[in-house]
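K.L.:
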Amino acid sequence: MSIARPNFQLIAALILAFVISSAIAYYYVVYVMNNTSLLFAQLVTSGLMLGGIYGLAATGLTIIFGVMKIINLAHGELMMLGGFISLWISTFLRTDPLFVLPISFVVLFVIGVFFQSTLFNSAMRYGLNPPVFLAFAIALALQNLMILAWTADVRIIRSPLIDSTVQVEGVSIQLARFVSFILAIVLILLVKAFIEKTMIGKGLRAISQNREAAALMGINVSIVNVLAYSLGVGLAAIAGTMLGMVFSVSPLDGPVLTSKTIAIIVLGGIGSVAGALVGGLILGLIETYVGYIVGSGFINAVALLTFLLVLILRPSGLFGER
Amino acid sequence: MMLGVDNVVAGYGEVTVLKGINLTVRKGEIVSLLGANGAGKTTTLKVISGLLQPKGGRVSFNGHDITTARTNERVKMGIILVPEGRQLFPRMTVLENLELGAYTKKARTRIKETLHRVYELFPILKERKFQLAGTLSGGEQQMLAIGRGLMALPELLLLDEPSLGLAPKIVKLVMDAIDRINKVDGITVLLIEQNVYRSLQISDRAYIIENGMITLEGSGQELLNEPRVRSAYLGLSA
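Protein chains in written order, with my numbering: chain A, 164 to 485; chain B, 35 to 272.
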């Protein structure tokens, strides 16, 4: 359970999952529902682009777990908070939400610093359970505060800059999705480079593998804890804003997003950034397939079903590397 | 006096392991801490390295009171622990483990020359530098653990059972390296060893710890000739 090098076996298994699910979906969409293969291509592009956003959110969760060994149960709420803050600031400053992304990242990063250095830091002294309960309490508090501040209505974050659709070979691509996807991939790669190449990043990985030994190297474990949590929360804010631009944000969406991101990091191998990306892409795809074939009401069940399947098929294999 | 441990009381939860330990280490020495399992050797090193807060007493280093200093601050001062069971980063390469050893700013600026010195002491590490630490043999892992400790440019190196579970040939290699680290590089060493005979041979002084208290103290040679040590720890006739 650590921030690890890519586990190639796992990546191969995930690619297999991609191929199999796509094959089944293709069969259904083209032969059973009698649609064109162009429509199938449309589903694949939409699914992958949604998956990139999921991957970014899951990257944040996986870093927090790798370093602190805590499942951040407030992750979905923090994503939504990031979305609302972007919406709020962009309305206030009358700028495109795309430009507000860095501000939203910084605001949530600071909130993360506050939560970690005060609340989590003291809870972590009493073992691994109190911080998880604490995260759950934060989730409940945030959800209710957001309802108070912005009501429970569903909001769309409109970005005039990318509020259009382009046609590529007959496949229509929402520009908002495309830009979000590219940005998400770039950010995930940046995070990966950060934890693999920089000294602080190496310290982060060291803590995830052996906390006590990391302290013996002279690494300031409490500061790295703060960094990991805040970085994870900041990434959640960006992913939340992107979701608002592609779909919508609502204070009530937090719990579902938390379970989705947990499902993704279990699917991709906890602690692995590459796994978070690939897991996100697969969940995005499967959700899109199921949404089209079975009905959009079933979308949220997909993540939980995937989660269950993974736990049944490879319970220890995905949680532990040894 | 480089290190002073003054009447330290420490333990885990309700259990008190150290019941008032006094020991000193002077610059340039190799000092051994000997005793049976559970006597409190590892706990003593944990208190010195800051992994465990003592319930009473005082720890000083180069004249500074460091009783409440955090582990990373003590590493900066030059107190480096090579822990029992090596505690490597198993899913990082040998080279990455060594680089992490040089995490402090001071150590980072001299990383090249220290790395060269570590490879000189343990050439096998150079051959294995791109291998994951978790895949090394026990002996290689121990060499890596010591090498990683050296990367931090220690003034005082604390070694917890460096020869535990190693083949006799490797034990000799490791013990010789410790001797050289002290004599050639001038690094002060506080050593816990199962291999009492060999460690007394290379030690300037040694302490015997029993039930959380120091019961005997003397030069390596004195203790080698001490009847109690000969019968209890060396299995020789008194």
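Here a beta-carbon is modelled for each residue, glycine too, at the ideal position from N, C-alpha and C.
On the DSSP bridge list, what partners appear for R318 of chain A?
P.N.:
A:V412
K.L.:
In whole angstroms, what is the alpha-carbon distance linking F296 of chain A and G38 of chain B?
P.N.:
42 angstroms
K.L.:
By the DSSP assignment, the alpha helix (DSSP H) with V453 of chain A in it spans what residues?
P.N.:
436–456
K.L.:
Go through the stretch 296–353 of chain A residue by residue and report every complete run of the alpha helix (DSSP H) that reaches 4 residues or more, in order.
P.N.:
none
K.L.:
My guess is that L193 of chain B and I226 of chain B are in contact by the Cβ rule of under 8 angstroms, so how many angstroms apart are they, rounded?
P.N.:
At roughly 7 angstroms, the Cβ-Cβ gap stays under 8 angstroms, so L193 of chain B and I226 of chain B are in contact.
K.L.:
Would G74 of chain B and L57 of chain B be called neighbours here (beta carbons separated by less than 8 angstroms)?
P.N.:
no
K.L.:
Tell me, to the nearest whole angstrom, how far the beta carbon of E63 of chain B is from that of T222 of chain B; I am working on the premise that it is less than 8 angstroms.
P.N.:
6 angstroms
K.L.:
Which residues of chain A have a Cβ atom closer than 9 angstroms to the Cβ of M126 of chain B, listed in chain order?
P.N.:
R168, K365, R368, A369, Q372
K.L.:
Check for me: the beta strand (DSSP E) holding K53 of chain B runs from which residue to which?
P.N.:
49–59
K.L.:
According to DSSP, is G112 of chain B part of a helix, a strand, or is it coil?
P.N.:
In the three-state DSSP reduction, G112 of chain B falls in the coil class, being neither helix nor strand.
K.L.:
Among A:Y217, A:M196, A:L213, A:Y191, which one has its Cα closest to the Cα of I427 of chain A?
P.N.:
Nearest of A:Y217, A:M196, A:L213, A:Y191 to I427 of chain A, Cα basis: A:Y217.
K.L.:
Report back the beta-carbon spacing between L448 of chain A and G215 of chain A to the nearest angstrom; my notes put them in contact at under 8 angstroms.
P.N.:
In fact, because the Cβ distance is near 11 angstroms, the residues do not count as touching under 8 angstroms.
K.L.:
Could you pull the DSSP bridge partners for E244 of chain B from this structure?
P.N.:
B:M247
K.L.:
Tell me, please, whether the CB atom of S94 of chain B is closer than 8 angstroms to any CB atom in chain A?
P.N.:
no
K.L.:
Following the continuous alpha helix (DSSP H) through S371 of chain A, name the residue where it begins and the one where it ends.
P.N.:
That run of the alpha helix (DSSP H) goes 362–372.
K.L.:
Taking buried to mean at least 16 other C-beta atoms within 10 Å of its own C-beta, is D210 of chain B buried or exposed?
P.N.:
By the 10 Å Cβ count, D210 of chain B comes out exposed.
K.L.:
Exposed or buried, which one is D99 of chain B when buried takes at least 16 other CB atoms within 10 Å?
P.N.:
exposed
K.L.:
Beta-carbon of L481 of chain A versus every beta-carbon of chain B: anything under 8 angstroms?
P.N.:
Any answer about L481 of chain A is weak, because its pLDDT of 49 lies below 50 and its placement is not dependable; what the coordinates show is given next. For L481 of chain A, the answer is no, since every Cβ of chain B falls outside 8 angstroms of its Cβ.
K.L.:
Between the beta-carbon of G84 of chain B and the beta-carbon of R104 of chain B, is there less than 8 angstroms?
P.N.:
With contacts defined by Cβ atoms closer than 8 angstroms, G84 of chain B and R104 of chain B form a contacting pair.
K.L.:
If distances are taken between C-alpha atoms only, which option among A:S413, A:L379, A:S371, A:N388 comes closest to V436 of chain A?
P.N.:
A:S371
K.L.:
For M196 of chain A, count the other beta carbons within 10 Å of its own beta carbon; 16 or more makes it buried, fewer makes it exposed. Which is it?
P.N.:
Its Cβ having fewer than 16 others within 10 Å, M196 of chain A is exposed.
K.L.:
Could you tell me whether the stretch 156–168 of chain B touches the stretch 353–363 of chain A, using the rule of 3 or more Cβ pairs below 8 angstroms?
P.N.:
Verdict: no, contact absent.
K.L.:
Where DSSP assigns a beta bridge to G38 of chain B, which residues make up the other side?
P.N.:
B:T58, B:S94
K.L.:
Quick check: what's the CA-CA separation for T76 of chain B versus L86 of chain B?
P.N.:
Rounded to whole angstroms, T76 of chain B to L86 of chain B spans 11 angstroms at the Cα level.
K.L.:
With 16 other CB atoms within 10 Å as the buried threshold, where does E130 of chain B fall?
P.N.:
buried
K.L.:
Suppose you measure from the CA of L481 of chain A to the CA of G431 of chain A; what does that come to, to the nearest Å?
P.N.:
At L481 of chain A, the pLDDT of 49 sits below 50, so the modelled position is not reliable and the matter cannot be decided from this model.
K.L.:
Keeping to the same chain, check which residues put their C-beta closer than 8 angstroms to that of Y231 of chain B; ignore five residues upstream and five downstream.
P.N.:
L258, L268
K.L.:
Please state if the CB of G183 of chain B and the CB of G252 of chain B are separated by a distance shorter than 8 angstroms.
P.N.:
no
K.L.:
So what does V81 of chain B bridge to, in DSSP terms?
P.N.:
According to DSSP, V81 of chain B bridges with nothing at all.
K.L.:
Keeping to the same chain, check which residues put their C-beta closer than 7 angstroms to that of K61 of chain B; ignore five residues upstream and five downstream.
P.N.:
M36, T222
K.L.:
For the beta strand (DSSP E) that contains D194 of chain B, what are its first and last residues?
P.N.:
Counted as a single uninterrupted DSSP element, the beta strand (DSSP E) harbouring D194 of chain B occupies residues 190–194.
K.L.:
Given a limit of 7 angstroms on CB to CB distance, which residues of the stretch 371–398 of chain A reach chain B?
P.N.:
Q372, N373, E375, A376, A378, L379, M380, G381, I382, N383
K.L.:
Is it right to say I475 of chain A is buried, meaning 16 or more other beta carbons lie within 10 angstroms of its own, or is it exposed?
P.N.:
Taking a 10 Å sphere around the C-beta of I475 of chain A, we find fewer than 16 other C-beta atoms and assign the residue as exposed.
K.L.:
Note down, in chain order, all residues in the stretch 196–207 of chain B with a beta-carbon under 7 angstroms from any beta-carbon belonging to chain A.
P.N.:
none
K.L.:
With burial defined as no fewer than 16 other Cβ atoms inside 10 Å of the residue's Cβ, what is the status of H150 of chain B: buried or exposed?
P.N.:
exposed
K.L.:
Under the DSSP definition of a beta bridge, which residues are partnered with D99 of chain B?
P.N.:
According to DSSP, which records beta bridges pairwise, D99 of chain B is partnered with B:S94.
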